[in-house]
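Below is one structure, written out as structure tokens, with a few remarks after it.
There are 2 protein chains.
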Amino acid sequence: MAELDQTPVAGNGLLDRRIFLKAGVAGGAALLTAQAGGVEREAWMKMPGAPMSDNGVPSAHEAHVKRLAVSSQPGTTGTGVSRTPLEFLDGLITPSRLHFERHHSGIPDINPDEHRLVIHGMVERPLSFSLEALARYPIKSRIQFLECSGNSGGLIAPEPIQQSCGVLHGLVAASEWGGVPLSVLLDEAGVKPGAKWIIADGADAAMMSRSVPLAKVMDDAIVALYQNGERLRPGNGYPMRLFLPGWEGNACVKWLRTIKVMNQPAMTKDETSKYSDLNEEGIARLFTFPMGVKSIITNPSHGFTMGPAGPYQVSGIAWSGSGRIRRVEVSADGGGSWADAALDEHVLSRCLTRFRSAWRWDGGPAVIMSRATDDAGNVQPTRRAVLEGRANGAFYHYNGIQAWAVSAVGEVTNVYA
Amino acid sequence: MAELDQTPVAGNGLLDRRIFLKAGVAGGAALLTAQAGGVEREAWMKMPGAPMSDNGVPSAHEAHVKRLAVSSQPGTTGTGVSRTPLEFLDGLITPSRLHFERHHSGIPDINPDEHRLVIHGMVERPLSFSLEALARYPIKSRIQFLECSGNSGGLIAPEPIQQSCGVLHGLVAASEWGGVPLSVLLDEAGVKPGAKWIIADGADAAMMSRSVPLAKVMDDAIVALYQNGERLRPGNGYPMRLFLPGWEGNACVKWLRTIKVMNQPAMTKDETSKYSDLNEEGIARLFTFPMGVKSIITNPSHGFTMGPAGPYQVSGIAWSGSGRIRRVEVSADGGGSWADAALDEHVLSRCLTRFRSAWRWDGGPAVIMSRATDDAGNVQPTRRAVLEGRANGAFYHYNGIQAWAVSAVGEVTNVYA
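From first to last, the protein sequence lines stand for chains A and B. My numbering applies: residue 1 is where the first sequence begins, and numbers increase by one. My numbering applies: residue 1001 is where the second sequence begins, and numbers increase by one.
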């Protein structure tokens, strides 16, 4: 290890990503052991272990890794959210059991044999598809992120909310989404001239409904049937949902039931009373579908306590609704200087990309932050830039740079910097 | 749809993959509906649905999608296997709850705070790593397959075993595996000159132990801590396992406890009495680590019943321990002729790759099969070629072409062809 140059490349101890990729920087973290190999067997080696099972579950020691801040609006069973515990995860895939959820009237108990997808409106042939019928169509399967447009909305608060990374930012996740291109089904129905939008309705009691431009639908929308290899889970739209790569989660209508082809948007309750924001002149911004370029350091983050001064791995996720992540920079001096982070091998379009930096924490106060750039050249803005021109309380589509403060005793908190 | 050329490109109705990618071939599978949009709301739309939860589970309607043929050796709690239900899955990721398992003395209940990874033997500095210490090292995360070398071993039986695809071939799965490169930890310990192998021991009661060439370890072995974004599950090695991309699952020692650096293999019970096969001269083939190039049609497969004659999607998985899948061909006439299948967008190295073909089933008897080629030029062999030169009963590393017969009444069974 001694031969590697560990001269920082940015303020407050950030090390070159090439060093980090080639070798560890942890040094002292490994302890010498006097009697290596002569270690006595632990209790669990002295008896047979648990048997096989038909459905694996996580370790009881990981019971704290669960969806966070599960909350419903008072008086309802299912108008609310649950969040992905980003601070406990690594890599890019989100386990389906931890995928965030946002429901408007709970999770319907749909019988898949009775469920139909109906395509009607401005089409030559109105069609109805059972699950069995859909199974004969080509499936496209890609690993992509899904983000609620309300994600990170708490960051507009005047003072930083002291909550964990997952509570603040956990309305984002990445899965392999597999389904039938909606363009194939619409081609079969025959879209009439003049059609410009579709209206997608869900089969929940709230009948969540959103208007989506036909151009996006014909480009890459799918009727998703599979998530991470298995059928969608009920909380994510079983047996089928609309999936619009890179676009806000709410428009990816769950429990998809009807697609109506139209020449204009429907202006449903779900795109006017919600999921639209006012600018500072009081004008609503409607149909702000694509999610912006964004990154968050997940480790360390709010609620972590650092160990001894020395080398640490700083890790997080970056994504963009416009394409691939090209670059993530990390700062350890509150944005005074920046160093490029290393990106994991899989850098996929419209997907979470894991980044990692090596940081030699000197044991003093520090402010760490990350800044993503996508391959369209979009750069993640500061909090100030995001809020500029917005009315008070406008919280959708927040993608500002997140800063975490490390105190002199190693406590990590949420700060505005 | 009418304008697309659906002339078959290979025997018995296989269609060009470009047609399949551009549009559906299902045509008649979608039903006209008289009153599209006027459909009455189903029962589940008339009441609020289920509330949010901190740990999502699959739909009760998918209860049949579970690990298959869960079996233990009589008199033991945990010497046995459970298999991935490949026939119900799509895409490339295997949900962790359905990842196959193979244990030799059950699943140990390891306390992660007490568990240590010890590196000793031919090293300058024997080292001991807690989970906390490992967290400071760089992590590499990649989506890769894991296959038990005994997978598909049932195909050596003289007569085809009539079992499902998952029962026959379900000792393979793909996950995102994240962990610390073992080369980084060995560099820190300082490997002594003359070292050529490591011996990896597990912390189960069987103390599963395997020898692995140092060259592989320094190339791409990791100490895996994460699977599909969360910590490894107990059945897959919690809190850590060895992961050797492309190599047989048994050598990827679970519950990894010690790594001893050696100048020769240890010839443990787990690599001599098991996980080695005899050739026809009675000589054991030892240390046959890399998994061969292989593919399986998962849908339709044994136990499926076809619907009406007409267009179907044929789908399956292909993988190779040597690298990426370059090509998958599908035959519908028992190998008389072949057509290229379409590969899904993500074609990753040493990973499951999903392939799909369009097949116009004429309602008569047919034999469907797939043949994979990897980017090193290896072509999946026939069953006959695999068995040539092997002693009777030698079942490890079976990668022969799988054939499924479709009967005149649409019943799908396992056949040798």
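Glycine included, every Cβ here is placed at the ideal spot set by N, Cα and C. Everything numeric in this text was worked out from a predicted model, so none of it was measured.
Taking the alpha-carbon positions, what's the residue i to residue j distance?
i               : j               : result
L1014 (chain B) : F243 (chain A)  : 30 Å
D90 (chain A)   : R350 (chain A)  : 18 Å
E1290 (chain B) : D113 (chain A)  : In the sequence under discussion, the amino acid at residue 1290 (chain B) is Pro, which differs from the Glu named in the question. Between P1290 (chain B) and D113 (chain A), the C-alpha separation is close to 43 Å.
G410 (chain A)  : A1224 (chain B) : 27 Å
V118 (chain A)  : G178 (chain A)  : 20 Å
L182 (chain A)  : V217 (chain A)  : 7 Å
G958 (chain B)  : V1180 (chain B) : Since the first and last residues shown for chain B are 1001 and 1417, residue 958 (chain B) lies out of range.
A60 (chain A)   : D333 (chain A)  : 38 Å
D1016 (chain B) : S1301 (chain B) : 21 Å
T1258 (chain B) : T1288 (chain B) : 22 Å
D187 (chain A)  : T1353 (chain B) : 28 Å
G393 (chain A)  : T272 (chain A)  : 16 Å
E1040 (chain B) : N279 (chain A)  : 40 Å
K1066 (chain B) : T1094 (chain B) : 12 Å
H1099 (chain B) : K196 (chain A)  : 44 Å
C1165 (chain B) : R83 (chain A)   : 36 Å
F88 (chain A)   : F355 (chain A)  : 15 Å
G335 (chain A)  : R1097 (chain B) : 42 Å
P213 (chain A)  : R125 (chain A)  : 20 Å
A358 (chain A)  : V1184 (chain B) : 14 Å
C252 (chain A)  : D270 (chain A)  : 12 Å
F304 (chain A)  : S1130 (chain B) : 18 Å
Y1226 (chain B) : G121 (chain A)  : 47 Å
D1374 (chain B) : V1330 (chain B) : 15 Å
W404 (chain A)  : P311 (chain A)  : 17 Å
E1147 (chain B) : S128 (chain A)  : 40 Å
N55 (chain A)   : E281 (chain A)  : 54 Å
Q35 (chain A)   : V1123 (chain B) : Interpretation of Q35 (chain A) is limited by its pLDDT of 49, a score under 50 that renders its predicted location unreliable; the figure taken from the coordinates is listed afterwards. Each residue's alpha carbon lies about 13 Å from the other.
A376 (chain A)  : K294 (chain A)  : 13 Å
My assumption, with CB atoms under 8 Å, is that residue i sits in contact with residue j. Please give the rounded CB distance.
i               : j               : result
D418 (chain A)  : H104 (chain A)  : Since the displayed chain A opens at 1 and closes at 417, residue 418 (chain A) lies outside it and no answer follows.
I1297 (chain B) : A1372 (chain B) : About 11 Å; that fails the 8 Å criterion.
A1284 (chain B) : W1361 (chain B) : The pair is not a contact, with the Cβ atoms about 45 Å apart (cut-off 8 Å).
I198 (chain A)  : M262 (chain A)  : 7 Å
W338 (chain A)  : A135 (chain A)  : Actually they are not in contact, since the Cβ atoms of W338 (chain A) and A135 (chain A) sit about 49 Å apart, beyond 8 Å.
R1102 (chain B) : V1070 (chain B) : That pair is no contact at about 11 Å.
P138 (chain A)  : Q1313 (chain B) : 6 Å
W1044 (chain B) : I110 (chain A)  : 5 Å
S72 (chain A)   : P1365 (chain B) : Not quite, the Cβ-Cβ distance comes to about 56 Å (not below 8 Å), so this is no contact.
D1344 (chain B) : L1068 (chain B) : Their Cβ separation, rounded to whole angstroms, is 24 Å, which puts D1344 (chain B) and L1068 (chain B) out of contact at 8 Å.
G1389 (chain B) : P48 (chain A)   : At roughly 38 Å, the Cβ-Cβ gap does not stay under 8 Å, so G1389 (chain B) and P48 (chain A) are not in contact.
Check the DSSP bridge columns for residue i and list the partner residues they point to.
i               : result
F129 (chain A)  : A:L117
H103 (chain A)  : A:G80
Y1226 (chain B) : B:G1178 and B:R1231
Q313 (chain A)  : A:A358
E1147 (chain B) : B:V1172
N1418 (chain B) : A query on residue 1418 (chain B) cannot be resolved here, the shown segment of chain B reaching from 1001 to 1417 and no further.
Quick check on the burial criterion: 16 or more other C-beta atoms within 10 angstroms. Buried or exposed for residue i?
i               : result
N1012 (chain B) : buried
P160 (chain A)  : buried
K1140 (chain B) : buried
A1385 (chain B) : exposed
Q380 (chain A)  : buried
R1383 (chain B) : buried
G37 (chain A)   : Confidence in G37 (chain A) is poor, its pLDDT being 47 and thus under 50, which makes the residue's placement too unreliable to answer from.
S1407 (chain B) : exposed
N414 (chain A)  : buried
N228 (chain A)  : buried
K46 (chain A)   : exposed
D1219 (chain B) : exposed
M267 (chain A)  : exposed
R18 (chain A)   : exposed
K1254 (chain B) : buried
A1215 (chain B) : exposed
A29 (chain A)   : Confidence at A29 (chain A) is low in this model, with a pLDDT of 48, below 50, so its placement is unreliable and the value that follows should be read with caution. With 16 or more other Cβ atoms within 10 Å, it is buried.
T1079 (chain B) : buried
Taking 8 Å as the CB-CB limit, is residue i close to chain C?
i               : result
Q1313 (chain B) : Annotation note: the requested chain C is absent from the structure, which comprises protein chains A and B.
Are the stretch 1240-1255 of chain B and the stretch 1316-1326 of chain B in contact at 8 Å, needing three or more beta carbon pairs?
yes
Taking 8 Å as the cut-off, does the stretch 1146-1154 of chain B touch the stretch 1397-1411 of chain B (at least 3 CB pairs, one atom from each stretch)?
yes
Looking at C-beta atoms only, is the number of pairs between the stretch 1229-1243 of chain B and the stretch 59-73 of chain A that lie closer than 8 Å three or more?
yes
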